[in-house]
Amino acid sequence: MNKIIGLSAAALITAGALAGCSGIGTQDANQAESAAQRADASSLEQSQPLPHFNYSQIRATIIDAETIEANGTQTTSFFFQMGSRDPVFSCPSLGEPVSNTASLSNPYQAVTADAQGNGFTGAAVIGQMDPNGIYAPSSSSGTYVICVAANGSKYMQYWEGDVMTVTAGAVWDATAHTLKVIGAPTAAIHTAAK
Numbered sequence: 037m038n039k040i041i042g043l044s045a046a047a048l049i050t051a052g053a054l055a056g057c058s059g060i061g062t063q064d065a066n067q068a069e070s071a072a073q074r075a076d077a078s079s080l081e082q083s084q085p086l087p088h089f090n091y092s093q094i095r096a097t098i099i100d101a102e103t104i105e106a107n108g109t110q111t112t113s114f115f116f117q118m119g120s121r122d123p124v125f126s127c128p129s130l131g132e133p134v135s136n137t138a139s140l141s142n143p144y145q146a147v148t149a150d151a152q153g154n155g156f157t158g159a160a161v162i163g164q165m166d167p168n169g170i171y172a173p174s175s176s177s178g179t180y181v182i183c184v185a186a187n188g189s190k191y192m193q194y195w196e197g198d199v200m201t202v203t204a205g206a207v208w209d210a211t212a213h214t215l216k217v218i219g220a221p222t223a224a225i226h227t228a229a230k
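Heads up, the sequence shown is in the working numbering, so the first residue is 37 and it goes up one at a time.
Shown next, in the form of structure tokens:
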């Protein structure tokens with residue numbers, strides 16, 4: 037009997053010691069892992085530092101695209117329907133196509149009180165109506181294009197399919213099923229001097 041009690045006591049002491057050590061061991065292991073990851077990151081940052089560029093073509097492209105959009109540069113737009121090789125419509129246009137998900141106002145608002153005016157900690161973010169009285173869609177294939185008629189008047193074309201726009205006079209070559217640029221570029225495009 038004393039032998040069984042002695043073995044049980046030893047088992048309890050061992051289990052308690054292991055349980056107590058497991059928390060400490062886990063904490064030590066986490067700290068060791070974090071230290072190893074910091075050392076790895078530091079080593080990689082030293083041996084393979086982030087590059088420095090005096091010029092960025094991707095940045096220049098974005099600046100050019102935004103300039104074309106903002107200035108309403110003369111473009112040509114082609115409207116495609118899914119499953120069709122050729123465009124269903126084309127027009128001389130201004131600027132770039134605008135997705136109908138674009139919004140001038142913030143599409144979200146922070147709410148810090150309930151309907152009764154009771155404030156609460158933190159804020160919830162909910163949709164906010166656009167000035168035209170509707171909520172902008174979060175995703176859509178709808179696109180607005182400002183087209184230019186033969187007499188120079190401008191009109192808006194809305195399309196639910198793909199739109200391709202080029203900053204030059206262009207036509208669609210129905211034989212080759214491809215766009216053909218027929219005029220000089222209408223936008224200054226910036227690239228690195230070579």
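All residues carry an ideal CB built from backbone N, CA and C; glycine is no exception.
Tell me whether the beta-carbon of glycine 169 lies closer than 8 Å to the beta-carbon of tyrosine 144.
Indexing the sequence shown from 1 puts residue 169 at position 133. Indexing the sequence shown from 1 puts residue 144 at position 108. The answer is no: Cβ separation not under 8 Å.
For valine 124, write down the residues that DSSP places opposite it in a beta bridge.
The residue labelled residue 124 in the question sits at position 88 within the sequence shown. None, per the DSSP bridge assignment.
Where does phenylalanine 15 land, buried or exposed, given buried means 16+ other C-beta within 10 angstroms?
Lying before the first or after the last residue shown, residue 15 is absent from the chain, which here runs from 37 to 230.
Tell me whether the beta-carbon of valine 181 lies closer than 8 Å to the beta-carbon of valine 199.
To locate residue 181, count along the sequence shown from 1; it is residue 145. To locate residue 199, count along the sequence shown from 1; it is residue 163. Yes, the pair counts as a contact, with Cβ atoms nearer than the cut-off.
Taking 8 Å as the cut-off, decide whether the C-beta atoms of alanine 159 and alanine 146 are in contact.
Along the sequence shown, read from residue 1 onward, the residue named residue 159 stands at position 123. Along the sequence shown, read from residue 1 onward, the residue named residue 146 stands at position 110. Going by C-beta atoms, alanine 159 is nearer than 8 Å to alanine 146.
Check each candidate in Ala210, Ala206, Ser79 and name the one with the smallest Cα separation from valine 217.
Translated into positions along the sequence shown, residue 217 becomes position 181. Looking at the Cα atoms, Ala206 is the closest of the given residues.
Determine the direct distance from the alpha carbon of proline 87 to that of aspartate 64, and round the result to whole angstroms.
If you number the sequence shown from 1, residue 64 lands on position 28. If you number the sequence shown from 1, residue 87 lands on position 51. Whole-angstrom Cα-Cα distance: 36 Å.
Quick check: what's the CA-CA separation for alanine 96 versus alanine 151?
Indexing the sequence shown from 1 puts residue 96 at position 60. Indexing the sequence shown from 1 puts residue 151 at position 115. One C-alpha to the other measures close to 47 Å.
Anticipated Cβ contact below 8 Å, glutamate 132 with threonine 201, distance rounded
The residue labelled residue 132 in the question sits at position 96 within the sequence shown. The residue labelled residue 201 in the question sits at position 165 within the sequence shown. Yes, glutamate 132 and threonine 201 are in contact; Cβ-Cβ is about 6 Å, under 8 Å.
Cβ distance (whole Å) where aspartate 122 is taken to contact tryptophan 208 below 8 Å:
Position 86 of the sequence shown, counting from 1, holds the residue named residue 122. Position 172 of the sequence shown, counting from 1, holds the residue named residue 208. Correct: roughly 6 Å between the Cβ atoms.
Taking 8 Å as the cut-off, decide whether the C-beta atoms of alanine 223 and threonine 112 are in contact.
Locating residue 223 in the sequence shown gives position 187, counting from the first residue. Locating residue 112 in the sequence shown gives position 76, counting from the first residue. Against a cut-off of 8 Å, the Cβ pair of threonine 112 and alanine 223 comes out as no contact.
Which residues mark the beginning and the end of the alpha helix (DSSP H) in which isoleucine 35 is found?
With the chain covering 37 to 230 only, the question about residue 35 has no answer from this structure.
Residue ranges of each alpha helix (DSSP H) run of no fewer than 4 residues wholly in the region 157-225, ordered along the chain?
Taken in chain order, the complete alpha helix (DSSP H) segments of 4 or more residues contained in the region 157-225 number zero; there are none.
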